[in-house]
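Participant:
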Amino acid sequence: MERITTPAFGMSPINRRESMWRLAIAGFASCTCFGGCRSAPVTGRKQLLMMPESQELTLGLQSYGEVTSKSKESSNSRFIELVSRVGHRIAAVSDRSDFQWEFRVLESDEQNAFCLPGGKVAVYEGILPVCENEAGLAVVMSHEVAHALARHGGERMSQNAAVQGMKTAVGYAMQKQDEVRRDAALKAYGIATEYGVLLPYSRKHELEADHIGVMLMAKAGYDPVEAPKFWRRFGGTAAAGEKPPEFMSTHPSDDRRAETLSKLLPQAQSLYAQTETPFGTGEVI
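Note that my numbering has the sequence shown beginning at 2, numbered continuously upward.
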């Protein structure tokens, strides 16, 4: 029988490039599927996490100090007390007693809030009127706390690292091409990555934080029915009207968030019914 052999380096340039693309894509898929050894709380979604949590905590503390040092803290004692009260109730049911929880109100019309690794939470004054009551504030704060509990920041950094690794492989595959074609290919890959991977993952994180958050607020004693109501209110604000289409945004649409949260209400209300001290919607803001 005639023996057929394939030279180790006899592959055509086209086939070589195709092989590099396949290897790069397979490597990225493998990292995404098998690189993580952790599941997100509540949802159980498998995660790609290459950064140790201790490093995330250090970065969170540094970032929190930098952001708050550049922002003026609120002098509104009522806002400060409300944020602290709601925040500590959420922290109490977070199962992260090792976090050094801290809650601040920043003087700004911005309708936003954030929570960095380690339980460093800040709420901008501008979001409080949209909250309308303590339960609305709990929607916002539990959502931000959920990001930290699920280590979404570390997951995004891990995803970016995997994407950069694949980009390097693509660059190698195109190194025999002229510079213009290579740069065009890399640019096309970057666009495809942004709209095909990173932004959908970011939207997935937002919906996951909504999911975890509504369970947290229910366990903390706040009526979860307020969660979809908050997003419908927020969807009617001027800030919401300035958002790009969902497929180009890091965040899902407010209507989609309200609809998704409505479907989670039976589970959240079951947790709410088990709380020893239900607060309902709490104090009006």
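We put the beta carbon where it would ideally sit given N, CA and C, even for glycine.
Should GLU112 go down as buried or exposed, given a rule of 16 or more other Cβ atoms within 10 Å for buried?
Facilitator: Here residue 112 refers to the residue found at position 111 of the sequence shown. The amino acid occupying residue 112 in the given sequence is Gln; Glu does not appear at that position. Its Cβ being crowded by 16 or more others within 10 Å, GLN112 is buried.
Participant: Pick out the complete beta strand (DSSP E) segments inside the stretch 70 to 154, 3 residues or longer, and give them in chain order.
Facilitator: Runs of the beta strand (DSSP E) inside the stretch 70 to 154: 103 to 107, 114 to 117, 121 to 125.
Participant: By Cβ distance, which residues of its chain are closer than 6 Å to TYR125, with the 5 residues on each side in sequence left out?
Facilitator: Within the sequence shown, the letter at position 124 stands for residue 125. LEU107, SER109, GLU111, ASN113, listed in sequence order.
Participant: Any contact between the stretch 207 to 218 and the stretch 121 to 135? By contact I mean 3 or more CB pairs, one from each, below 8 Å.
Facilitator: Not touching, per the Cβ criterion.
Participant: May I have the straight-line CA-CA distance separating GLY281 from ALA136, to the nearest angstrom?
Facilitator: Counted from its first residue, the sequence shown places residue 281 at position 280. Counted from its first residue, the sequence shown places residue 136 at position 135. Roughly 7 Å between the two C-alpha positions.
Participant: Would you mind sorting GLY66 into buried or exposed? The rule is 16 or more other CB atoms within 10 Å of its CB.
Facilitator: Here residue 66 refers to the residue found at position 65 of the sequence shown. Exposed: under 16 other Cβ atoms inside 10 Å.
Participant: Do ILE213 and ALA147 have their C-beta atoms within less than 7 Å of each other?
Facilitator: For this step, residue 213 is matched to residue 212 along the sequence shown. For this step, residue 147 is matched to residue 146 along the sequence shown. Yes, these two residues count as a Cβ contact at 7 Å.
Participant: Could you tell me the alpha carbon to alpha carbon distance between VAL285 and ALA149, rounded to whole angstroms?
Facilitator: By one-based count along the sequence shown, residue 285 stands at place 284. By one-based count along the sequence shown, residue 149 stands at place 148. Cα-Cα distance, rounded: 27 Å.
Participant: If we count the other Cβ atoms within 10 Å of its Cβ and call it buried at 16 or more, is SER95 buried or exposed?
Facilitator: As a working note, residue 95 is residue 94 in the sequence shown. Counting Cβ neighbours within 10 Å, SER95 comes out buried, since at least 16 surround it.
Participant: Following the continuous alpha helix (DSSP H) through TYR273, name the residue where it begins and the one where it ends.
Facilitator: The residue you call residue 273 lines up with position 272 of the sequence shown. Where TYR273 is concerned, the enclosing alpha helix (DSSP H) stretches over 255 to 274.
Participant: Hey, would you say ARG233 sits closer than 7 Å to ALA259, going by beta carbons?
Facilitator: The residue labelled residue 233 in the question sits at position 232 within the sequence shown. The residue labelled residue 259 in the question sits at position 258 within the sequence shown. Yes, they are a contact pair.
Participant: Taking the alpha carbon of ALA269 as the point to measure from, which residue in VAL226, GLY236, LYS230 has its own alpha carbon closest?
Facilitator: Here residue 269 corresponds to residue number 268 of the sequence shown, with the count starting at 1. Among VAL226, GLY236, LYS230, the Cα nearest to that of ALA269 belongs to VAL226.
Participant: Output needed for MET52: all residues of its chain with C-beta closer than 8 Å, excluding positions within five of it in sequence on either side, in chain order.
Facilitator: Residue numbering aside, residue 52 sits at position 51 when the sequence shown is read from its first letter. Taken in chain order, the residues that qualify are GLY155, MET158, SER159.
Participant: Quick check on GLY281: does DSSP put it in helix, strand or coil?
Facilitator: Here residue 281 corresponds to residue number 280 of the sequence shown, with the count starting at 1. Residue state, collapsed to three classes: strand.
Participant: Which same chain residues end up closer than 7 Å to HIS144 when comparing Cβ atoms and leaving out the 5 residues on each side of it in sequence?
Facilitator: Start at 1 with the first residue of the sequence shown, and residue 144 comes out as number 143. The answer, listed in chain order, is ALA210, ASP211, GLY214.
Participant: Straight-line CA distance for TYR173 to THR59?
Facilitator: Position 172 of the sequence shown, counted from the start, is the residue given in the question as residue 173. Position 58 of the sequence shown, counted from the start, is the residue given in the question as residue 59. For TYR173, the predicted model reports a pLDDT of 48, less than 50, meaning its position is unreliable and no value from the coordinates is stated.
Participant: Taking the alpha helix (DSSP H) that GLY236 falls in, what are its first and last residues?
Facilitator: Locating residue 236 in the sequence shown gives position 235, counting from the first residue. Start and end: 227 to 236.
Participant: Just the Cα atoms here: how many angstroms apart are ASN134 and HIS153?
Facilitator: Position 133 of the sequence shown, counted from the first residue, corresponds to residue 134. Position 152 of the sequence shown, counted from the first residue, corresponds to residue 153. Between ASN134 and HIS153, the C-alpha separation is close to 27 Å.
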